[in-house]
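Here's the structure, in C-alpha cells; my notes come after.
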Amino acid sequence: MPKRCGHHDQCSCAWEAKEQDIDHGGTLYPLIDTDKVMGLNESKNGSAKNVIKPWDDRKDTAKVVRSVEGDGELIIHIPFTVQVKLKSFTVIGGDEGSAPNTVKIWKNRDDIDFENAEDVKCDQEFNLSFDADGSVQYPVRISKFQNVASVTMFFTGNFEDETTQINYIGLKGEGTKNKYGIVHATYEARALESDHKKLADQHVSKSIQ
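Next comes the structure, spelled out in C-alpha cells:
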C-alpha cells in the first residue's frame with residue numbers, strides 16, 4: 008500500500024512517487040520540501056517548483072521553469088525537511104540555447120538574491136554541459152556540503168538564448184536525522200527579517216534600486 012498523508016485520497020500519489028524515486032540510488036527528492044521551493048526572476052510565479060520531480064519524470068517538459076524573457080538569470084532556493092549531505096546534482100535544461108551554462112551554489116543561505124549574489128562568496132561554482140537526459144552528474148565538494156538544510160542555486164546565464172529554461176534539478180546524497188530547524192535557528196540569530204522577505208515574494212524585481 009502506498010503511504011498516505013491522511014488528508015485525502017489524492018495526496019497518496021505524491022507520497023507514492025517519492026517512495027518510488029528512492030530506488031534511483033541516493034536521490035534526495037523525498038527529502039525536499041517542494042512546497043517551499045522558491046524562485047527569483049521566474050517568468051511565471053511559483054514555477055520553480057516544477058523542476059523538483061521524480062527521476063522518471065525528468066524529461067517531462069509540461070512543467071518547467073523559465074526566466075523572464077530577455078534576462079537569462081534564475082535563482083532557485085531548495086529547502087529540505089531534514090539536514091542532508093549533498094554529494095552531487097543533475098540539471099536538465101531546455102534546448103541547447105536556453106539550457107543553463109553556469110551555476111553558483113550556496114548552502115543554508117535563504118537570503119541570496121540578485122542584489123547580493125555577486126558579493127556573497129558561493130560554496131561552489133560549476134560550468135554546466137548541455138544535458139538532455141540527466142546523464143551528467145556534478146559532484147560537489149562533500150566537505151562543504153555537510154549538514155545542509157537548503158541549497159540556493161544561481162543560474163547566471165545560458166548557452167545562446169534570451170531566456171533560460173530548466174526542466175529538472177536532481178540532487179543526490181544522504182539524509183540525516185537532524186531536523187531543518189536546527190540549522191535554520193542558527194541562521195535566524197544573525198539574519199534580518201527583511202532578508203527572508205526577499206525570497207518570500209514570488210515576483211521580486213531583480214532591478215537594483
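Whatever position you read off the sequence shown (first residue = 1), add 7 for the numbering used here.
We put the beta carbon where it would ideally sit given N, CA and C, even for glycine.
Under 8 Å Cβ to Cβ from P146, same chain only, skipping five residues before and after it: list those, please. Result list for P146: K94 and S95, in chain order.
Report buried or exposed for K151, applying the criterion of at least 16 other Cβ atoms within 10 angstroms of its Cβ. Taking all protein chains in view, the Cβ of K151 is surrounded by fewer than 16 other Cβ atoms within 10 Å, so the residue is classified as exposed.
Between which two residues does the beta strand (DSSP E) carrying A156 extend? Note, A156: beta strand (DSSP E), V155 to N165.
Roughly how many angstroms separate the alpha carbons of D120 and S105, rounded to a whole number? D120 and S105: Cα-Cα distance of roughly 21 Å.
Contained alpha helix (DSSP H) runs [length at least 4] in the segment 28-92, N- to C-terminal order: Listed in chain order, nothing qualifies, since the segment 28-92 has no complete alpha helix (DSSP H) run of 4 or more residues.
For I119, which of helix, strand or coil comes out of DSSP? Here I119 sits in coil by DSSP.
Could you tell me how far apart the beta carbons of F166 and F137 are, in whole angstroms, since I believe they sit closer than 8 Å? With 8 Å as the limit, F166 and F137 qualify as a contact, their Cβ atoms being about 7 Å apart.
Rounded C-alpha distance that separates K179 from K66: Looking at the two C-alpha atoms, the distance is approximately 18 Å.
Rounded C-alpha distance that separates F87 from K186: Using only the alpha carbons, I get a separation of about 9 Å.
Start-to-end residues for the beta strand (DSSP E) that takes in F133: The continuous beta strand (DSSP E) containing F133 extends over residues Q131 to N134.
Measuring CB to CB, does I173 end up less than 8 Å from G77? Cβ distance not < 8 Å, so I173 and G77 don't count as in contact.
DSSP puts I176 in a beta bridge; with which residues? BP columns for I176 point to V98.
When you compare the CB positions of N115 and A156, do they come within less than 8 Å of one another, or not? Yes, the pair counts as a contact, with Cβ atoms nearer than the cut-off.
If you follow the beta strand (DSSP E) that K111 is part of, which residue opens it and which one closes it? Taken as a continuous stretch (DSSP letters only), the beta strand (DSSP E) holding K111 covers P107 to K114.
Per-residue DSSP class, three states only, for K184: Note: K184 maps to strand in three-state DSSP.
Under 7 Å Cβ to Cβ from L135, same chain only, skipping five residues before and after it: list those, please. If we look at L135 and ignore the five residues flanking it on each side, its Cβ neighbours are V98, P107, N108, T109 and V110.
Option in I112, I149, K60 and K70 with minimal Cα separation from F133: A check of alpha carbon separations from F133 across I112, I149, K60 and K70 identifies I112 as the nearest.
Quick check: the Cα distance between V71 and G46, rounded to an integer number of angstroms? Between V71 and G46, the C-alpha separation is close to 12 Å.
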